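Protein chains in written order, with my numbering: chain A, 1125 to 1279; chain B, 1125 to 1279. The beta carbon of each residue, even a glycine, is placed where N, CA and C say it ideally should be. Computed from a predicted structure; not experimentally measured.
Protein chains: 2
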Amino acid sequence: MASRTNTFSGQYQYSIDSKGRINVPAKFRQSLSPDSDDTFVITRGLDPCLWIYPLEEWERIEDNLRNLSFLRPKERQFIRQIVRWATPAKYDKQGRITIPSTLLEIADLQDNAIIIGYLNKIEVWNPDNLESEAAEVDFSDEEYESLATQNQIRL
Amino acid sequence: MASRTNTFSGQYQYSIDSKGRINVPAKFRQSLSPDSDDTFVITRGLDPCLWIYPLEEWERIEDNLRNLSFLRPKERQFIRQIVRWATPAKYDKQGRITIPSTLLEIADLQDNAIIIGYLNKIEVWNPDNLESEAAEVDFSDEEYESLATQNQIRL
DNA sequence: TATAATTGTGGGTAATAGTGGGTAATTGTC
DNA sequence: GACAATTACCCACTATTACCCACAATTATA
């Protein structure tokens, strides 16, 4: 059974300085790299944001990718699209991380960012993009009701 | 259990100079030749790119090839197709490698290249070719969703 | 409420990473 | 053996990153 130690939630806003550094919420630091060597993995999210995984969580994903066959073009491509954005990183003495410029562009990050705890990972959003994504959602929609029901989500 | 020391990920862009030299990402150098003699193996990829293996990883592949029978024409051919592109190489004092002209042509490499960490190896791509390959991928595609589901890849 | 500890932000400097080119050594060819 | 072509080795320069220190703001503690 999966342990519940590394679960993230909550939302925080931080500035991104001229060197591409952003603070990690103090509450997340322990869960993000429990093994005290301060390492974790930043990568591209499926939505227009970044995802940050604890190292062991990312290794779990990599292990599954290794089971795919390198002989099938589709599977090679699938692996590549996931792995090529993943960058191991550490925080500095102040608990900040430096986000690679490639990833800054991809997530459209400039001066500020919103950090969201998202169960097994952390999300980093451009505040505007997060808002517009949220605006698309309509929770009165039947689609959402059925999603909740099917998955027995009783709020 | 396989060790996790030699796992590659992330994407970097570098120039290829007039001598066919290209830089190896500093983050990869240690994993690429842990035994401090700076040796590794460059070869042709199955996609239109080059693959670079740590020496021991390549030796593992060679060991498997040795188990094939030299008596069967098909197997002789199979071995030949894999082995004949593999070139041992070292980096220079600055951490660059000189790519043989044959392999430069095969991977269609000119002025710039993108280097991708790909689990047990490194890929070297012509930026344009990589982009067109990537354009084929759509993670909302049913094919990819089923790939992820079947292999229990939970991002 | 005062004080101490932690958290978040900014910036300077040293070290490392990346790029280009010259020259010597090696290789292959005639 | 002489020559050209290629490769290996060395040095120099620039850009980027890592590391360090300082300080304000917030939170915890007495």
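Closer than 9 Å, Cβ to any Cβ of chain B: which residues of the region 1207-1218 of chain A, in chain order?
-> Residues passing the 9 Å Cβ filter: Val1207, Arg1208, Trp1209, Ala1210, Thr1211, Pro1212.
Starting from Asn1147/A, trace the beta strand (DSSP E) both ways and give me its first and last residue.
-> Unbroken beta strand (DSSP E) run through Asn1147/A: 1145-1147.
If you draw a straight line from the alpha carbon of Ile1240/B to that of Arg1200/A, how long is it in whole angstroms?
-> Taking the straight line from one Cα to the other gives about 13 Å.
Which residues does DSSP pair with Leu1243/B in a beta bridge?
-> DSSP lists Phe1132/B as partners of Leu1243/B.
Look at the alpha carbon of Lys1143/A and the alpha carbon of Asn1250/A, and state the distance between them as a whole number of angstroms.
-> Their backbone Cα atoms lie some 17 Å apart in a straight line.
With 8 Å set as the bound, which would you pick, yes or no: does the beta-carbon of Phe1202/B sit closer than that to a beta-carbon of chain A?
-> Taking 8 Å as the threshold, the shortest C-beta distance from Phe1202/B to chain A does not fall below it.
Candidates Thr1167/B, Phe1263/B, Gln1234/B: which alpha carbon is nearest Arg1208/B's?
-> In terms of CA proximity to Arg1208/B, Thr1167/B leads the group Thr1167/B, Phe1263/B, Gln1234/B.
Residues that Gln1274/A contacts on chain B, provided the C-beta gap is smaller than 7 Å = Ordered by position in chain B, no residue passes the 7 Å Cβ test against Gln1274/A, which lies about 16 Å from the chain.
Could you have a look at Val1261/A and say whether DSSP puts it in helix, strand or coil?
-> Coil.
Quick one: measure Cβ to Cβ for Val1148/A and Tyr1242/A, integer angstroms, because I've assumed they're closer than 8 Å.
-> Incorrect: roughly 14 Å between the Cβ atoms, too far for contact.
Spatial distance of Asp1171/A from Pro1197/B (CA atoms) | Between the alpha carbons of Asp1171/A and Pro1197/B lies a distance of about 50 Å.
Can you give the beta carbon distance from Gln1234/A to Ile1140/A, rounded, assuming they're within the 8 Å contact cut?
-> Yes, they are in contact, since the Cβ atoms of Gln1234/A and Ile1140/A sit about 7 Å apart, within 8 Å.
Starting from Thr1131/B, find everything on chain A with Cβ-Cβ shorter than 7 Å and list it in chain order.
-> Within chain A, the residues Glu1186 have their CB atoms less than 7 Å from the CB of Thr1131/B, given in chain order.
Taking the C-alpha atoms as reference points, what is the distance between Phe1164/B and Leu1271/A?
-> So the two alpha carbons sit approximately 50 Å from each other.
Apart from the five residues on each side of it in sequence, which residues of its chain come closer than 8 Å, Cβ to Cβ, to Ala1126/A?
-> Bear in mind that a pLDDT of 44 at Ala1126/A, under 50, signals an unreliable position, so the model cannot answer this.
Assign Gln1201/A to one of three DSSP states: helix, strand, or coil.
-> Helix, per DSSP.
How about Pro1178/A and Ser1157/A: are their beta carbons less than 8 Å apart?
-> Cβ atoms of Pro1178/A and Ser1157/A: closer than 8 Å.
DSSP bridge partner residues for Arg1278/A (one or two, in chain order) | BP columns for Arg1278/A are empty, so no partner.
Since Ala1231/B contacts Val1248/B with CB under 8 Å, what's their CB separation in whole angstroms?
-> The distance from the Cβ of Ala1231/B to that of Val1248/B is about 6 Å, consistent with a contact at the 8 Å cut-off.
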